[in-house]
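Written out below as structure tokens is the structure these notes cover.
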Amino acid sequence: MKNLLTSSALCMALPMAAWAADKPETLKIGMTTFLTGSASVFGVPARDAMDIFVENRNAEGGINGVPIEVTYIDEGAGAEALTSEFRRMADSGGAEVMLAAISSGNCQTLAPLAEDLKVPNLMWDCGTQRIFEEADYEYVFRPQGNATSEMLAAVAYLLKTHPDFETIAVVNQDYAWGRDSWEIFHTALEVMKPDVEVVGEFFPKFGSPDFSTEISRLQALRPDVVLSTSWGGDLDTFVQQAFQRGLMNTSTFVLPLAESSLERLGNALPAGHIIGARGDHYFLHPERREDEDFTSFMAQYKEATGGIPVYSVFHASQAFAALTAAYEKAIADNDVDWPSEEQLLAALDGLEFQGLGRKLHLREDHQGVESQLMGTSVQTGEYPFATLENIMIFDGEGLLPPVGEESTAWIRTLDAGFVDSLSVETYEN
Amino acid sequence: MTDISQNSTSSRASRRPSARTLLTLAGVLLLVAVPLIAPTMQLLINLALAKGIAVLGVTVLLRAGQVSFGHALFFGISAYVGAFLVASMPGADMMLVLACGVLGALVAGLLVGLFVVRYRGIFFGMLNLAFSMIFWSILEKFYHITGGADGIRLTRPTVLGLEMERGGFELVIFYLSIALMVGLGWFTLRWFVSPVGQVFQTIKTNETRLEYLGLSPRRVLLSGYMLSAGLCGVGGSLMAMTQGVVTPEYVWWVRSAEMVFIAVLGGAGSVRGAFIGALVYEIVRIYASAYAGDIWQLLLGGFLLVIILFAPGGIMGIADSLIHRKGTRQ
Amino acid sequence: MNLTIFLLALFDGISYAALVFIVALGLTLIFGVMRILNIAHGSLYAIGAYATVSLTGFFLALGFAPVFAFPLMLVSAVLVGVLLGGPIEWLLLRRIYDKPEVLQLLVTFAVFMILEDVQRLVWGTQPYFQASALQALGNVTVFGVTYTVYQLILLPMVAIGLLLGLRFFLRHTVIGKLILATTEDREAAQSIGIDAERVFLFTFTVGAVLAGLGGALASPTTSILPGMGADMIVLSFAVVATAGLGQIGGAAVAALMIGLGRSFAVYVWPEVAVLVPYLIMVLVLLVRPEGLFGSPVARKI
Amino acid sequence: MTAPLMETRDLLIKFGGVTAANNVSMQIWAGQNLAIIGPNGAGKTTFLNICTGWLKPQKGKVLLEGHDITPLPPRKIVRRGVARAFQIPQLFTEHTALENLLISAAAREGLRNPLQNLHNIAQRDEMMHLLDLVHCADVADRVVVELSEGQRKLIDIAVALALKPRLLLMDEPTSGVASSQKHEVMEILVGALAEAGVTSVFVEHDMGIVARHADEVAVWNAGNVQLRGTPDEILEHPDVIRDVIGEEVA
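Residue numbers (our numbering), protein chains in the order written: chain G, 92 to 520; chain A, 1011 to 1340; chain E, 9 to 309; chain Y, 568 to 817.
Quick look at the structure:
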């Protein structure tokens, strides 16, 4: 009880002056991630990575001498606990910037809340495109791509590698991400390959432990292609159970988020399936794997966690890079010790930054333009799990609708020629 | 369902122990002062009060010896009615949202009630659970209508036509919650000792005699069931407006069990116990997860075991024994 | 709804019904004898699954053959029964038999809350997956539909074996008769010298073993996550209430109805699949207020 | 001749082979005080159950002032002025003696004001008087579960009386009452019933009570009304002595 009172007093003392703010003792950041539940296989690596980024940065004196301190909120505690904790941290906890969230559902809840609380919020991992298309935000930014760019890259790669498939079925998680991603993928497919027949649409519960009924159905339907944008524990369970029932020999799986499960799936992911990474995120990134900062982080991460980084780590790196770049830009542009909130927001507009992948920049609608990496799974034996070959990296610009336009409406204006119009680099592995 | 409720009939009509009234008054005044002395606690207490009013609904049923493991159904219905209303009528007023929510809960209470009042004991509890699970499944699966697992946002309603800022709105809804707590608490206390309330409590002891007094036990239970559904509706609506988001979580069976847990923790059958239980529950939940590394369920479970094994009268039971032991009167 | 889909729905339904029955069996046995609906049954189920996955993982790492997973399932089920079931009855439930039903229910709910956190503390939150037992038995193709032997043959056989075994045990062994007598009328049983407390301890432990066994058998078919206990227990309530409380045979029929209802719903109207078990429960109780096999208690005056 | 207050025609009730009532036709006349005697298990309580709608006969009808009330549930029959006291007292065990009566009075008057305290209803004095009538005024504020069997029996009757019925059906009213007080209690009870013009029917085993307080006696045996007449005629009748009283004496 006592320390709560003191921290609220501290919050009163923070003047929100229009000009410069005086340097705070520490830069308090609140970050929501999944620490419990099936999605923790996803949220925990991101937290570990963020700890490393903060540690490295604080070792170099933080931002203009101010050390960074990140507090984590568990998205697994459910929407209610999340909103109250987010509100408490942004309001009385003294957090200057929030990084929320992983789940699209939580992003849709917390974005308006951040706007309400007038706290800058970076949507560091959720992908639903609706947020910026349904309303424009002053305090909310997304330092990564969105469902539209990811799904279009997946469709493009699928059409380039399997131009003549006929039937498709979808097994997506039943919440914002699962529903939105299927709507975009489906619309793109109808426009670019109208003759494809959708033979089954299944939306099992988020965090469902058992997919046997859906797999039985797929066995009966025998689709050429099975799409699943599920991720974390759900994707692991789905692929392992499908592999057991021999479904992976009869259908080609398109798994736009499977990069995050490669290590855990081990040999349960055979060769020949299309794998995505929600951006140009791959621990053997063809263009970045020789760079010094990339390899040193890989070593540091492996030593800290014993595993390879997955795309949530790359997204965490991009959010951290955007955060630090914004503060540095605001400090430089306004020649102050520490930027006020308005100055920070100004710096974030059109910001250019680079995490572990290629360079990115934020458009005027605060949406990040991120390149998309797709590949095909192969069991080379070099690693105890599948790696990627026939890798294609699509440039982010072409995959997003013009600012202010709604995704599915824009996609309906496209045609089969869209796939070849994209600028793409191909790598053997 | 043998006797568990605190024998409130023993505190006869007129001579209510003054010590208890004073303490209650002091408690309410303390709550009223919260936004001034401990603003960070305001949100937490507001949620606890909303939950307390819902728990009061469960306490009403406990007085008839019946336990429902599905009363989160009415809590959730009221919340979702409010959310749909604000979604379709953005400028809706707060009181309208509350009224429509409670109306939705009462209608649901009637429809479900007509069916479940035919049952008693474990079957009554399980059937309520079944209805709440049916509603939960609908909320989870019919994504395009109910927003599925992510639920729906309940944007801030207006207050008497005024578009309120966040801080202002939270103060208004905080004091509305306190007013409803006092009002509904007072009404429930009076209802318990009124003829209709006393007849309702005979469901626990002798339905045969009730039938032979010319009354239908089912209709008597239904009247109490509707009151409990309405109270849960008020709680649900307040919670939804405070949280700003409604999710199927509102109706999950663990939340119904939680309400029974809080009712017994506070003191089964006690009106004050419902609110005190809710406050203790929320405080332990928030601070345990903040400081004890997310084992709040373990702590609360252990706390409940201690209460049931050593102080079945709950917190109010303990409080009463303290009052009487140093009691000044006779 | 061609033949393949019908068969698939049938197989899904049967394998699911077998699993739910094994868990509900323990629940209905405990309720039949002790009039306590054990909410913590769900946690015992989950811990049975976690224990099996840990044990199997440990022994497989030592190089044991996958077939060893089966005896390990029994080991973890017994461990759950003895290490958790026994103490719960002996330390907690024994002190509240005289207390009202709602307090007994809440004690099991408190234990449920405690065990849910204990699971997280011991096994963490990441999903476990250990399907070696299922893989060891391979698949079978019936009328052109491939299904796992484990789910289609082993689970139903275990379920039927448990049903007949328990029925035989209750009707034809001394302890079984003692249990039935205590169920019928506890006071009368005590008056003729039956030590009700030992009967309760034995019954609750057997019920907990069955919960653990349910979890152990389920572990290869699903990934083990926090919260699986809460999902399974609310489903077992539906089975037990539909059958009529304490009705062992009835639980088998109810489990089959709910299992098939749910699996066929997936093919007809997927959104409703989650809803079906509770819809069946409400409809059955509408027609027969004491459950399919429950007997109405006439009120004597 | 006006219709009897309550009449049964050709009642047939079978319980798993046992015929509790075999084509029983019986009349209860307004203002009388009828005792029903007969060996245990002859179906006397079952007869009361049928008359008050708790059980439905396989065949036959129950009429109240000529109206057929056979299909009605007990509560509807009670609303037409029939009240009942039970062999096993049916009371609200967590309420006090006075509250049991107040609840009965409130049920009669209709439960209107949800904010008025039960103890402040208009009928409070009337209920205290009724308690006094059955010698239980001293335990008015004691919870009924703490009272003696006899006191609970009397309160059970008082609760029925509180409904101001036209017909009161009682099942062994004085069993459990100290034998010294039996006659005194019956005296007051019959007096109060007569004063209020209430017809009463009571199942009774104590022949002394029957002789002194019943103005007519019906003998119930093997599911039928064997004999009916004034106490003197019935109590000396050889068959009654053999089947009913003989059984008592031996």
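All C-beta atoms, glycine included, are put in the ideal place defined by N, C-alpha and C.
Do residue j and residue i count as a contact pair if the criterion is CB distance below 8 Å?
| i | j | result |
| --- | --- | --- |
| Glu-279(E) | Lys-1151(A) | yes |
| Ser-498(G) | Thr-239(G) | yes |
| Ala-1095(A) | Gly-1243(A) | The sequence shown places Leu at residue 1095(A), rather than the Ala named in the question. Not closer than 8 Å, so no. |
| Gln-594(Y) | Pro-571(Y) | yes |
| Ile-555(G) | Ala-395(G) | The first residue shown for chain G is 92 and the last is 520, placing residue 555(G) beyond what the model contains. |
| Lys-749(Y) | Asp-723(Y) | no |
| Ser-1147(A) | Ser-1266(A) | no |
| Gly-169(E) | Thr-60(E) | no |
| Gly-1277(A) | Gly-1324(A) | yes |
What would DSSP say about residue i, mapped onto helix, strand or coil?
| i | result |
| --- | --- |
| Arg-1130(A) | coil |
| Asp-239(E) | helix |
| Thr-133(E) | coil |
| Gln-138(E) | coil |
| Gln-1307(A) | helix |
| Trp-1263(A) | helix |
| Val-816(Y) | Its pLDDT being 44, under 50, Val-816(Y) is placed unreliably by the model, and the measurement read from it follows with that caveat. Here Val-816(Y) sits in helix by DSSP. |
| Ala-725(Y) | helix |
| Ser-1018(A) | At Ser-1018(A), the pLDDT of 42 sits below 50, so the modelled position is not reliable; the number obtained from the coordinates is stated separately. Helix at Ser-1018(A). |
| Gln-748(Y) | helix |
| Phe-659(Y) | coil |
| Phe-245(E) | helix |
Rounded to whole angstroms, how far is the Cβ of residue i from the Cβ of residue j, which I believe are closer than 8 Å?
| i | j | result |
| --- | --- | --- |
| Asn-1176(A) | Asp-207(G) | In the sequence on display, residue 1176(A) carries Arg and not Asn. About 5 Å separates the two Cβ atoms, so the contact holds. |
| Thr-156(E) | Leu-145(E) | 7 Å |
| Ser-1088(A) | Gly-1114(A) | 6 Å |
| Leu-338(G) | Ile-306(G) | 6 Å |
| Ala-729(Y) | Leu-697(Y) | 6 Å |
Suppose you measure from the CA of residue i to the CA of residue j; what does that come to, to the nearest Å?
| i | j | result |
| --- | --- | --- |
| Gln-599(Y) | Leu-700(Y) | 21 Å |
| Leu-1314(A) | Phe-1271(A) | 8 Å |
| Gly-627(Y) | Leu-160(E) | 58 Å |
| Val-261(G) | Leu-318(G) | 5 Å |
| Arg-1228(A) | Thr-343(G) | 59 Å |
| Ala-57(E) | Ile-232(E) | 7 Å |
| Gly-1279(A) | Leu-1199(A) | 10 Å |
| Asp-782(Y) | Thr-797(Y) | 6 Å |
| Pro-1322(A) | Gln-112(E) | 11 Å |
| Val-1065(A) | Gln-434(G) | 48 Å |
| Ala-1140(A) | Leu-287(E) | 8 Å |
| Ala-1250(A) | Thr-116(E) | 30 Å |
| Tyr-474(G) | Thr-278(G) | 37 Å |
| Leu-293(E) | Leu-505(G) | 55 Å |
| Met-141(G) | Ile-1318(A) | 44 Å |
| Leu-1083(A) | Ala-192(G) | 29 Å |
| Cys-217(G) | Ser-195(G) | 5 Å |
Original post:
Contact between the region 143-162 of chain G and the region 417-433 of chain G: three or more CB pairs below 8 Å?
Top reply: yes
**OP:** Please confirm if the region 1208-1222 of chain A is in contact with the region 655-670 of chain Y, defined as three or more CB-CB distances below 8 Å between the two stretches.
**Re:** yes
**OP:** Would you be able to state if there are at least three C-beta pairs under 8 Å between the region 63-74 of chain E and the region 133-142 of chain E?
**Re:** yes
**OP:** Examine the Cβ distances between the region 779-786 of chain Y and the region 596-616 of chain Y and report whether three or more of them are shorter than 8 Å.
**Re:** yes
Original post:
Does the region 208-222 of chain E come close enough to the region 92-104 of chain E that 3 or more CB-CB pairs lie under 8 Å?
Top reply: The count of Cβ pairs closer than 8 Å, one atom from the region 92-104 of chain E and one from the region 208-222 of chain E, reaches three, so the stretches are in contact.
Subject >> contact_flag[the region 230-238 of chain G, the region 348-363 of chain G] where n(CB pairs < 8 Å) is 3 or more >> reply: no
**OP:** Please confirm if the region 44-56 of chain E is in contact with the region 68-75 of chain E, defined as three or more CB-CB distances below 8 Å between the two stretches.
**Re:** Segment contact: the region 44-56 of chain E against the region 68-75 of chain E, fewer than three CB-CB distances shorter than 8 Å; contact not assigned.
Original post:
Should the region 455-474 of chain G be called in touch with the region 423-434 of chain G, which here means at least 3 C-beta pairs below 8 Å?
Top reply: no
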